[in-house]
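*Asks:* By full-length UniProt numbering, the letter at position 356 of the sequence shown is numbered 356, and the numbering carries on one by one without gaps.
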Amino acid sequence: MSGATVNPTLGAYIADGDEHWNLTMFPNATTPTFDDAPPKYIQDLKQANKVIITALLAFIMVAMGCIVTIDDFKRVLRRPFGVLIGFLSQFVILPLTAFGLAHALQLKASFALGLLVVATCPGGVTSNLYTYWTEGDVCLSITMTTMSTTLAMGMMPLNLFIYSRSWTGESAVIPYSNIAIALVLILVPVALGMLVKYKKPAWCKLITRLGSIFGLLAIFVNIVLNGIINPSMFTSPWQVWLATFLLPCLGYAFGYLFAFIVRRPHVECRTICFETGAQNIGLALALVLITFQDSEFLKDIFVIPSLIGPFLILEALGFVMLYLAWKKWCRGDSDENGETSKEEPIEPVEATSMKKVEEFQDNTEPNESHFNHI
């Protein structure tokens, strides 16, 4: 297989629905050249897609940083049960689901490996946006995205070793540099947003609103451009279409149900739902390109990560719309399961203590009727 060395780009590191099977996503790598080389305008569209998505998603993370504080992160880390549930959903339940789905649909080896790679990847940046739209715990979502991306350095090779034995004897090569860059592209914009909230809190409402608008723009631009860039993915077998439809849907459903079964509040259930189902597709494509770049089935392995991106986005938007409809028509003014955004006013400790002392004195002070009785 021939190829030309090209410079790495950053777009695929955070673009959840990014499909660039013939663009390098890591340093010093060769780009595989398939039989039908795409025309120049396709290459230009790919580059434009990556630049646009990178910029928009970075701004989204700045907007997410504008609605969290250091105290929020302290709260999440003091009681990390939600993070633990998200970890189990992300790295235990979802890979097992993909393994079962691949066998149930009798996918051929190349498609099954593509499905497994996606399922072993950490959550993507857009999960934070879906959490915000459904009034979930944004701080928990950001923490889970950061933690899962970090833990992916060990969990991705472990899961691929466990589940890929059915189809291949090759060992996965984990793109550690890509993971490190993904962490930077999560943490730096969030930190910038938190700084804006600290220095210029009046700006946060506008930035957050723009973040939602840019989020929708990023999603639809990504879907349209990827449909133009990768038309061959639409000719895939029906089993591939069904697998790429079901995996995100099952990820969202199992993430929510698992959190619900262990009695987490619905705010956390929604957060864990999106973190489980919305994978970092760019990282999946990088892993495939590194591990299978010399394989004759590379193009087939790329099909599922490329096709699953639009599905996980559209299904997440469907869940968002269902939540908004439920909120408008079913929930009304009542809070779900007693959850409320308004806290009960808490009396200062000093005032409470003084009140108890006064009550004690009133109850123990001898009165006139008592002496008359004696």
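Every residue gets a Cβ at the ideal spot worked out from N, C-alpha and C, and that includes glycine.
Drop a sphere of 10 angstroms on the beta-carbon of A63, count the other beta-carbons inside from all chains shown, and report buried for 16 or more, exposed for fewer.
*Replies:* With 16 or more Cβ atoms within 10 Å of its Cβ, A63 is classed as buried.
*Asks:* In or out: T143 buried (at least 16 other Cβ within 10 Å) or exposed?
*Replies:* Buried, because 16 or more other Cβ atoms sit within 10 Å of the Cβ of T143.
*Asks:* Tell me the DSSP bridge mates of Q279?
*Replies:* In DSSP, Q279 forms a bridge with G123.
*Asks:* Who are the Cβ neighbours of E268 in its own chain at under 8 Å, not counting the five residues just before and after it?
*Replies:* The residues are G82, I85, G136, D137, L140 and A259.
*Asks:* Taking the C-alpha atoms as reference points, what is the distance between T120 and M147?
*Replies:* Spanning the two alpha carbons is a distance of roughly 14 Å.
*Asks:* Please classify K46: is it buried, with 16 or more other beta-carbons within 10 angstroms of its beta-carbon, or exposed?
*Replies:* Flag for K46 reads buried.
*Asks:* L312 and P248 - do their beta-carbons sit closer together than 8 Å?
*Replies:* Contact flag set, yes.
*Asks:* I think R264 touches T131, with their Cβ atoms under 8 Å apart; what is that distance to the nearest whole Å?
*Replies:* Wrong, their Cβ atoms sit about 14 Å apart, outside the cutoff.
*Asks:* Straight-line CA distance for G227 to M61?
*Replies:* Approximately 25 Å between the Cα atoms of the pair.
*Asks:* Note the first and the last residue of the continuous alpha helix (DSSP H) segment covering C249.
*Replies:* Residues W238 to I261.
*Asks:* Using the Cα positions of L206 and T134, report the straight-line distance between them to the nearest angstrom.
*Replies:* Each residue's Cα considered, the two are about 19 Å apart.
*Asks:* What residue range is occupied by the uninterrupted alpha helix (DSSP H) comprising P310?
*Replies:* Start and end: L298 to W326.
*Asks:* Between the C-alpha atoms of F34 and L217, what's the straight-line distance to the nearest angstrom?
*Replies:* With a pLDDT of 47 at F34, under the threshold of 50, the modelled position of that residue is not reliable, and no figure is offered here.
*Asks:* For a minimum of 4 consecutive residues, which ranges assigned as the alpha helix (DSSP H) are wholly contained in the stretch 57-132?
*Replies:* Whole alpha helix (DSSP H) segments, 4+ residues: 70-78, 81-88, 94-104 and 109-120.
*Asks:* Indicate the three-state DSSP secondary structure (helix, strand or coil) for K200 in the structure shown.
*Replies:* Coil at K200, not helix or strand.
*Asks:* Which class does R270 belong to by DSSP, given the choice of helix, strand or coil?
*Replies:* Note: R270 maps to helix in three-state DSSP.
*Asks:* L113: which of K327, E315, L298 and M321 sits nearest, CA to CA?
*Replies:* Ranking the options by Cα distance to L113, first place goes to L298.
*Asks:* With burial defined as no fewer than 16 other Cβ atoms inside 10 Å of the residue's Cβ, what is the status of M156: buried or exposed?
*Replies:* The residue in question, M156, is buried, as its Cβ has 16 or more Cβ neighbours within 10 Å.
*Asks:* Considering only residues of the same chain and omitting the five flanking positions on each side of I93, which have a CB-CB separation below 6 Å?
*Replies:* Excluding residues within five positions, the ones whose Cβ falls inside 6 Å are F254.
*Asks:* What does the alpha-carbon distance come out to for the pair V76 and I42?
*Replies:* About 44 Å.
*Asks:* Compute the distance between the beta-carbons of N222 and I70, then report whether it is under 8 Å.
*Replies:* The answer is no: Cβ separation not under 8 Å.
*Asks:* Among the residues of its own chain, which have a CB less than 7 Å from the CB of V262, if the five just before and after it don't count?
*Replies:* Taken in chain order, the residues that qualify are I85.
*Asks:* With 16 other CB atoms within 10 Å as the buried threshold, where does T235 fall?
*Replies:* Result: exposed.
*Asks:* Using beta-carbon positions only, say whether A278 and L115 come within less than 8 Å of one another.
*Replies:* For A278 and L115, no; Cβs fall outside 8 Å.
*Asks:* Where does the unbroken alpha helix (DSSP H) through N159 begin, and where does it stop?
*Replies:* Its alpha helix (DSSP H) spans residues V138 to Y163.
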